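The opening position of the sequence shown corresponds to residue 54 in the numbering used here, with each subsequent residue numbered one higher. Every residue, glycine too, gets a C-beta built ideally from N, C-alpha and C. Since the model is a prediction, treat every value here as computed from it, not as a measurement. Since the structure comes first, as structure tokens, the remarks are kept for the end.
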Amino acid sequence: MAQVKLHNINKIYDNGFHAVHDVCLDIKDGEFMVLVGPSGCAKSTTLRMVAGLESISAGDLTIGDKLCNDVPPKDRGIAMVFQNYALYPHMTARENLSFGLETANKPKEEIEKRVAEAAELLEITELLDRKPGQMSGGQCQRVALGRAMVRKPEVFLFDEPLSNLDAKLRVSMRMRISRLHQQLKDSGRPATMIYVTHDQIEAMTMGDRVCILNKGAVMQVDTPMNVYHRPKNKFVAEFIGSPSMNMMDARLIRHGDELMVETLGQRFRLPAQIQEKVAVYEGRDVSMGVRPEHITIVASGNADSFRVKVDAVEEMGSESFVYFDADGRQLICKLVSPEQTLDKVVEQSIQFRMDKCQLFDNETGENISLI
């Protein structure tokens, strides 16, 4: 079993800087867990504590059923793939792949078999006699991944392994790593994978679950779709998604028998189920968030629509981003397969999909509209 459990993990450096705050994370056997967050949120520090490359100041780390706080890295059953490949430049790809097995005194026949299997799976057989200086960045990263594979670890750790690659290679390597995870699972020897990235696309497309960190603390752990559609708090709502969620100052007011949200000089009716959920916030200031794809351009005069000024349009081919000025607040609208060109349009009528809007407590940042 290769479940990894972090229980109230903390990291405090000698100068008193508290980098990681009471991180609790239960990673299941064979799960692909992605740690994502902005630069400086301590995601790599957390991963390095799992690897044993950073000491744990407080809390417990277990891998399988074994407490690993003070276990040396080589005895944790893990293999790590680094951002900068960390290949020996004077060795061929074959020698890099086999080096760890040789130092572990594995039989020669077994070493050759493992190297051949990894090379075939990663399509690097023709590269085995080349040195790192004779290979591209993507090829070097595949060799680094193969070096981890041949050890047959229970836990793979990835520290931003694709950040040095160009966009096309990142897509290719994302697919390879995801396919490797599935193939190991299908073969009956699933491996737990913990993957650190700042790239939202990697997080959303690769992870079984995503752990979002901010300032060394866990903001939310959930499936990619849930962190996007059901963000636990304002930070997650604004961090996940590109372009970011539109966030507006708002106030909940009573109008007759209905609870409405007032923002941008307009009043918007809330769906009945959300009205019940946020009724205790009546008369209070809140924040309202709406995703760019949940703003629609409509005909003038439609119910609940309002006029805005078009500031700019970014044509992306299959989609367009339209920037509006609404009562002095910039809004971003995402149009998929747009049929009309808005470059020279001065004003438009837009409408919010209120069933998709999110409301947040201004003090705690908590999403108060989750049902």
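Cβ contact annotation for T349 (same chain, cutoff 6 Å, sequence separation greater than five): Q404, in chain order. A residue is called buried when at least 16 other Cβ atoms come within 10 angstroms of its Cβ; M133 meets this threshold and is buried.
G93: not part of any alpha helix (DSSP H); DSSP gives it neither H nor E.
Taken in chain order, the complete beta strand (DSSP E) segments of 3 or more residues contained in the region 319-361 are 319-322, 338-343 and 348-351. DSSP lists no beta-bridge partner residue for H143. Contact between V89 and I265 holds, with the beta-carbon distance rounding to 6 Å and staying under 8 Å. Per DSSP, the continuous beta strand (DSSP E) segment holding E315 begins and ends at E311 to T316. Look at R183 here: in three-state DSSP terms it is coil, with no helix or strand label. The three-state secondary structure of G112, taken from DSSP, is strand. Between the C-alpha atoms of H143 and A197 there is a straight-line separation of about 15 Å. By DSSP's assignment, Y248 forms a beta bridge with V87 and F211.
In the structure shown, V289 adopts helical secondary structure according to DSSP, grouped into three states. Assignment of D239 by DSSP, reduced to helix, strand and coil, places it in the helix class. Of the residues R242, S231, P243 and T245, the one whose Cα lies closest to the Cα of A256 is S231.
DSSP, read as helix, strand or coil, puts E372 in strand.
Secondary-structure assignment with DSSP links N299 through a beta bridge to V343. Secondary structure of R204 (DSSP, three-state): coil.
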